[in-house]
Amino acid sequence: MTQHIHPESLKNLPQAVVSQITSLMQADGFSGHFSAQQYQTLLATSNMTDTEFKLALLPIAATRAYCGISHFHVGAIAEGHSGNVYFGANIEIPGVQLNQTVHAEQSAISHAWMKGETGIKNITINHTPCGHCRQFMNELNQVDELSIQLPNRPSYSLADLLPESFGPKDLDIEARLMDSTRQNYRFDNATSTIVNAIEALNLSHAPYTHNHSGVALQTQSGGLYSGAYAENAAFNPSLPPLQVAINLLLLAGEKLEHITTAVLAENANGSISHLAETQTTLEAINPDITLEYLSLSQ
Ligand SMILES: [Zn+2]
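Its first residue numbered 363, the sequence shown is counted upward by one per residue in the numbering used here.
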C-alpha cells in the first residue's frame, strides 16, 4: 500500500531527511511506524534534538487524521520501549456516535501496543491533550516514566497534567494497559481473520468488565488488521476493539470503504458486550461488510 505524502507536511524537516522519509513511507508494507534503527538514522540526518525532530514529524502524523466531523487534524507520535516510533491521528466516523471517536494520543498508543510494545517512553502531540486522553494515558503501565512533549513547552509528566488523578488503583486493580499479561482463549480450525481477532482478544485489557475482546478486519486488498479492547478505570475513555483495528487500517494507508469482513471475538461471560456498537459502526461505514461474531469462554 503506497502512502500519499502531503508536501506541506514535510516543510519543517531538513531536505536530507525529507528524501529518506519519503522513501521509507513509500516503500511497500509501510504501515505507519519507523523501526528504532530507521528512526535513529533519520534523527542523525536531521541534526535536530530528539524532541525537535518528533515535533517536526507531527504534521505527517496529523495528515493521517480521519476527521470529517471536526476537520481538526491532531497528530501524535509515541515511542515504545523498543525505540520504535509510531504515528497516531484522530478518527471520527460520520453517522456514528461521537463516543466512538479515537483521539490522536489513543491512536498512537494503541498502534504501538498492537505492534507488540509493552510500554511507552514518550508521546509528542501537536495540541495539548484533552482530559479524556490524560485519563486514557493514566491507565498505562510505568506511567510515572512517561514524558509528554508539546510544541513550545517543557516536557511534562502525566502527573503534571493530571494532578489528583483517579485511576486503576482506586478500584483495586493492579493490571495496567500494555502489560504483557495475556488471556488464553482458543478456537480450533479458525480462518486467519478469526485467528487475528482471537490474538487481539488475548492481548486485551479488560479488568473492570472482563469483556476480553478483539476485532479483526479484512480488506479488499487482502490486508488484515486487528484491534484489542483497551478498558479504562473511568470507563468512558475505554477504546473499543473495532476502533483499535480501524486505527491500524487507516495508519497503513487503507480506506474504511475497503473493509470486506470483520470478526468480533469476545468473552461470553463479561459484564458488557461490544456486539451492538460494532454492528452499528460497521453498518455506517458500509452495510455490505460481513460481521462474524464469536462469543467464547476461556
Ligand atoms: Zn484527546
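The beta carbon of each residue, even a glycine, is placed where N, CA and C say it ideally should be.
Three-state secondary structure (DSSP) of residue i
i: Gly391; result: coil
i: Ala423; result: helix
i: Val577; result: strand
i: Thr571; result: coil
i: Ala438; result: strand
i: Ser635; result: coil
i: Gln554; result: Correcting the residue identity first, residue 554 is Ser in this sequence and not Gln. Looking at Ser554 - three-state DSSP - the assignment turns out to be helix.
i: Leu502; result: strand
i: Tyr547; result: coil
i: Ser509; result: strand
i: Phe415; result: helix
i: Leu524; result: coil
i: Glu454; result: strand
Contact check, residue i vs residue j, beta carbons under 7 Å
i: Ala537; j: Pro569; result: yes
i: Glu441; j: Lys477; result: no
i: His433; j: Ala427; result: no
i: Leu512; j: Ile487; result: yes
i: Gln402; j: Met387; result: no
i: Val447; j: Phe415; result: no
i: Ser583; j: Ala562; result: no
i: Thr640; j: Leu626; result: yes
i: Gly529; j: Asn503; result: no
i: Leu604; j: Thr643; result: yes
i: Ala423; j: Gly445; result: no
i: Thr622; j: Gln580; result: yes
i: Ile647; j: Leu613; result: no
i: Val379; j: Ser408; result: yes
i: Ile485; j: Ile453; result: no
i: Gln382; j: Leu417; result: no
i: Ala592; j: Leu539; result: yes
i: Asn594; j: Asn629; result: no
i: His636; j: Pro602; result: yes
i: Leu653; j: Ala624; result: yes
i: Leu533; j: Arg496; result: no
i: Ser371; j: Thr413; result: no
i: Gly615; j: Thr571; result: no
i: Val606; j: Ala596; result: no
i: Ala578; j: Thr555; result: yes
i: Pro664; j: His494; result: Here the chain covers residues 363 to 660 and nothing more, so residue 664 does not appear.
Residue range of the alpha helix (DSSP H) that includes residue i
i: Thr622; result: Where Thr622 is concerned, there is no enclosing alpha helix (DSSP H), although the beta strand (DSSP E) it sits in stretches over Ile621 to Asn629.
i: Gly493; result: Gly493 to Met499
i: Asn609; result: Pro603 to Leu613
i: Leu375; result: No alpha helix (DSSP H) contains Leu375, which DSSP labels as neither H nor E.
i: Glu654; result: It is not in any alpha helix (DSSP H) - Glu654 instead sits in the beta strand (DSSP E) that spans Thr652 to Leu658.
i: Ile471; result: Ala466 to Met476
i: Leu405; result: Ala398 to Ser408
Span of the beta strand (DSSP E) around residue i
i: Leu586; result: Leu586 to Ala590
i: Ala451; result: Val447 to Ala451
i: Thr486; result: Ile482 to Ile487
Cβ distance (whole Å) where residue i is taken to contact residue j below 8 Å
i: Leu611; j: Gly576; result: Between Gly576 and Leu611 the Cβ distance is about 14 Å, and since that is not below 8 Å, they are no contact.
i: Glu479; j: Met499; result: About 14 Å separates the two Cβ atoms, so there is no contact after all.
i: Arg544; j: Leu565; result: 6 Å
i: Gln462; j: Ile455; result: 6 Å
i: Asn558; j: His473; result: Not really, about 16 Å apart at Cβ, beyond 8 Å.
i: Thr492; j: His465; result: The sequence shown places Cys at residue 492, rather than the Thr named in the question. Yes, they are in contact, since the Cβ atoms of Cys492 and His465 sit about 7 Å apart, within 8 Å.
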